[in-house]
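First comes the structure, then the notes that go with it.
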Amino acid sequence: MSGKVQRERIGRVNAGYFPIPIDALKSSTIDMDLYLIHNGGTAVLYRSKGSAYSISDCDKLRQKGIRHLYIPMGQHRIYQEAMTEMIIDSYEDPSICELERARIVRGSCGRMIEDFMSNPESPSLGETINDLAAQFTTWCTEDKSKFSYLLDMSEHDFYTATHMVNVGVGCGLLGAEILGDDDPMVHDLMLGGLVHDVGKFGVSPDVLNKEGKLSEKDWAMIRGHPEVGANMLKRQGGQNSIIIDMAMSHHERLDGKGYPNSLCGDELSLAVKICTVVDIFDAMTSARPYRGPIPPRVVLDKMREEIGTAIDGEIFAAWERVIERMIVEDPSRAVAETEDVCVPSVCDLMPTLKKEQTENLQADDDDGLVQIRRAGDESIDAELLESDFDHVMVRSDVRFKRSERVLLSLAGESDLIAIFDSSKIGNDGSIYCVFKYAADSSQAA
Ligand SMILES: [Fe+2]
Numbered sequence: 016m017s018g019k020v021q022r023e024r025i026g027r028v029n030a031g032y033f034p035i036p037i038d039a040l041k042s043s044t045i046d047m048d049l050y051l052i053h054n055g056g057t058a059v060l061y062r063s064k065g066s067a068y069s070i071s072d073c074d075k076l077r078q079k080g081i082r083h084l085y086i087p088m089g090q091h092r093i094y095q096e097a098m099t100e101m102i103i104d105s106y107e108d109p110s111i112c113e114l115e116r117a118r119i120v121r122g123s124c125g126r127m128i129e130d131f132m133s134n135p136e137s138p139s140l141g142e143t144i145n146d147l148a149a150q151f152t153t154w155c156t157e158d159k160s161k162f163s164y165l166l167d168m169s170e171h172d173f174y175t176a177t178h179m180v181n182v183g184v185g186c187g188l189l190g191a192e193i194l195g196d197d198d199p200m201v202h203d204l205m206l207g208g209l210v211h212d213v214g215k216f217g218v219s220p221d222v223l224n225k226e227g228k229l230s231e232k233d234w235a236m237i238r239g240h241p242e243v244g245a246n247m248l249k250r251q252g253g254q255n256s257i258i259i260d261m262a263m264s265h266h267e268r269l270d271g272k273g274y275p276n277s278l279c280g281d282e283l284s285l286a287v288k289i290c291t292v293v294d295i296f297d298a299m300t301s302a303r304p305y306r307g308p309i310p311p312r313v314v315l316d317k318m319r320e321e322i323g324t325a326i327d328g329e330i331f332a333a334w335e336r337v338i339e340r341m342i343v344e345d346p347s348r349a350v351a352e353t354e355d356v357c358v359p360s361v362c363d364l365m366p367t368l369k370k371e372q373t374e375n376l377q378a379d380d381d382d383g384l385v386q387i388r389r390a391g392d393e394s395i396d397a398e399l400l401e402s403d404f405d406h407v408m409v410r411s412d413v414r415f416k417r418s419e420r421v422l423l424s425l426a427g428e429s430d431l432i433a434i435f436d437s438s439k440i441g442n443d444g445s446i447y448c449v450f451k452y453a454a455d456s457s458q459a460a
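If you read the sequence shown in our numbering, its first letter stands for residue 16, the second for the next number, and so on.
Have a look at this one:
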């Protein structure tokens with residue numbers, strides 16, 4: 016299990032206590048009680064409030080294989096305030112370069128989001144995220160260029176907490192571009208972005224990080240996260256309708272093919288349209304288990320094809336201006352463009368964009384096979400990884416030509432005409448191929 020998946024699990028280990036990494040505390044005197052919990056058992060007091068906690072204590076714990084200490088839930092706000100102070104100190108530290116400073120701040124913000132994801136209905140954690148959004152808004156107003164470094168366009172993995180930090184930063188930057196720095200909605204957009212995927216709390220990390228084919232049950236869980244998140248935020252109280260709307264509708268599309276309510280056009284609010292653009296951008300630029308990160312300009316080119324269907328043209332144009340300025344100002348913050356970059360489509364990279372998992376396109380759960388027939392009747396068996404309303408991804412032993420037309424046979428269904436779109440060699444050496452269904456059925460393979 017990867018460290019990141021492990022971290023997504025840890026937050027749910029022991030009700031009543033909060034896990035904190037052993038190296039998270041920076042001051043020598045601690046303002047909270049620290050506990051040890053072995054193998055999910057009883058909590059044992061390790062240091063009481065007011066005691067000393069030093070680097071050598073941290074090293075001793077590490078040598079024993081201990082990675083987390085636990086604080087009582089009631090003292091969590093104290094910890095969060097200490098984290099917020101540390102974040103501000105790092106952000107304002109002139110001795111650290113922009114990229115490193117942004118990395119440290121993003122990491123700490125990601126931990127705060129993880130805590131919120133683990134206990135989304137805790138009012139104190141809601142307050143903490145509100146504070147974070149307020150701090151982001153202040154930084155964005157003071158110096159947008161410096162703040163923009165918090166949007167990671169480099170080699171980060173797609174991971175829920177990191178993604179939510181990025182979407183919070185991006186929604187604020189895009190909101191400021193469209194509405195102006197002083198518009199009060201910029202704060203709401205930051206906050207809405209930071210919590211937009213909180214409903215993924217209810218989705219197992221195994222499903223979120225699954226590399227292969229998702230079952231119908233997995234998809235049902237993923238499709239439910241907007242509604243789960245919106246309901247959590249409603250129950251928490253104090254969140255305004257903009258934030259709840261962003262959580263509920265960030266997977267809706269202009270053409271009505273999104274979920275959960277198939278809204279379209281004017282039924283989508285400005286905040287939702289902003290969140291969708293930033294959400295897709297971050298999902299596409301970040302690395303996945305089966306491919307590396309995609310350079311931002313390549314992603315923008317691909318997203319442009321979705322104007323009027325998935326995303327709004329004016330909002331996308333504003334986002335392009337934001338990203339272009341950032342790259343021109345400091346090209347080192349973006350993944351470099353290379354000749355042979357693989358360019359997947361928006362839907363391939365954005366499982367969150369998936370429409371109803373079209374049951375009739377899903378291969379038999381028992382074998383998950385697809386037959387691919389090329390011109391000349393050569394037939395190839397491939398493993399179905401995922402399918403959607405406009406594409407299918409398979410694992411295959413065979414390479415395809417650019418724009419090659421094929422017939423896809425999925426269990427129990429009539430053949431579908433598809434066009435080869437892109438491929439990538441995974442870490443395991445497999446070839447991942449993406450086909451888009453052809454709209455024009457007159458052109459068989
Ligand atoms: Fe989402």
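Using N, Cα and C, we set each Cβ at its ideal position, and we do this for glycine too.
So, at 6 Å on beta carbons, what are the nonlocal neighbours of residue i in its own chain, with the 5 sequence-adjacent residues on each side left out?
i	result
R268	A325
F162	W154, C155
Q251	E136, G141
K215	T175, H240
A97	none
Can you tell me the Cβ-Cβ gap for residue i and residue j, rounded? I've got them flagged as a contact below 8 Å.
i	j	result
M101	S123	6 Å
F331	I338	With 8 Å as the limit, F331 and I338 do not qualify as a contact, their Cβ atoms being about 10 Å apart.
P36	R82	7 Å
Q90	M132	No, Q90 and M132 are not in contact; Cβ-Cβ is about 19 Å, not under 8 Å.
A39	Y50	14 Å between Cβ atoms; not a contact.
V287	M168	Going by Cβ atoms, the distance from V287 to M168 rounds to 23 Å, so no, they are not a contact pair.
L188	L166	7 Å
I446	R414	6 Å
A262	P241	6 Å
R410	L400	6 Å
V218	M236	5 Å
L431	Y452	6 Å
M318	I309	That pair is no contact at about 11 Å.
F33	D130	7 Å
E95	M127	At residue 95 the sequence reads Gln, which differs from the Glu that was named. Going by Cβ atoms, the distance from Q95 to M127 rounds to 7 Å, so yes, they are a contact pair.
D108	R121	That belief does not hold up - the Cβ atoms of D108 and R121 are roughly 14 Å apart, past 8 Å.
Could you pull out every residue in the same chain whose Cβ sits closer than 7 Å to the Cβ of residue i, ignoring the five residues on either side in sequence?
i	result
K79	none
C186	L204, M205, G207, G208, I289, C290, V293
D396	L384, Q386
S284	D260
G125	A176, T177, V180
S277	G271
T152	G187, V201, H202, M205
R118	none
K64	I45, D46, M47, D48
G280	L269
K41	M101
Could you tell me which residues DSSP pairs with residue i in its beta bridges?
i	result
S438	C448
Q90	Q90 is not bridged to any residue.
D396	Q386
R410	E398, Y447
L422	R388, I432
I322	I326
P34	Y85
I52	A58
A97	None, per the DSSP bridge assignment.
M168	A349
A15	Past the boundaries of the shown model lies residue 15; the chain is included only from 16 to 460, so the question cannot be answered.
T300	Paired residue(s): none; T300 is not in a bridge.
T44	A67
Going by beta carbon distance, what residues of the same chain come within less than 8 Å of residue i, once the five residues before and after it are set aside?
i	result
S347	L114
G31	A58, P87, M88
R417	F435
R92	S139, E142, T143
K159	L188, A191, D196
S43	A67, Y68, S69
K249	I259
Counting only C-beta atoms, is residue i closer than 8 Å to chain C at any point?
i	result
D233	Note that chain C does not occur in the displayed structure, where there is just one protein chain.
**OP:** Evaluate contact between the region 122-137 and the region 185-200, counting only Cβ atoms and requiring at least three cross-stretch pairs below 8 Å.
**Re:** no
Original post:
Should the region 329-346 be regarded as contacting the region 197-212, the criterion being three or more beta carbon pairs within less than 8 Å?
Top reply: no
**OP:** Evaluate the contact criterion for the region 66-82 versus the region 101-115: three or more CB pairs, one atom per stretch, below 8 Å.
**Re:** no
**OP:** Take every Cβ of the region 176-186, pair it with every Cβ of the region 208-218, and state whether three or more of those distances are shorter than 8 Å.
**Re:** yes
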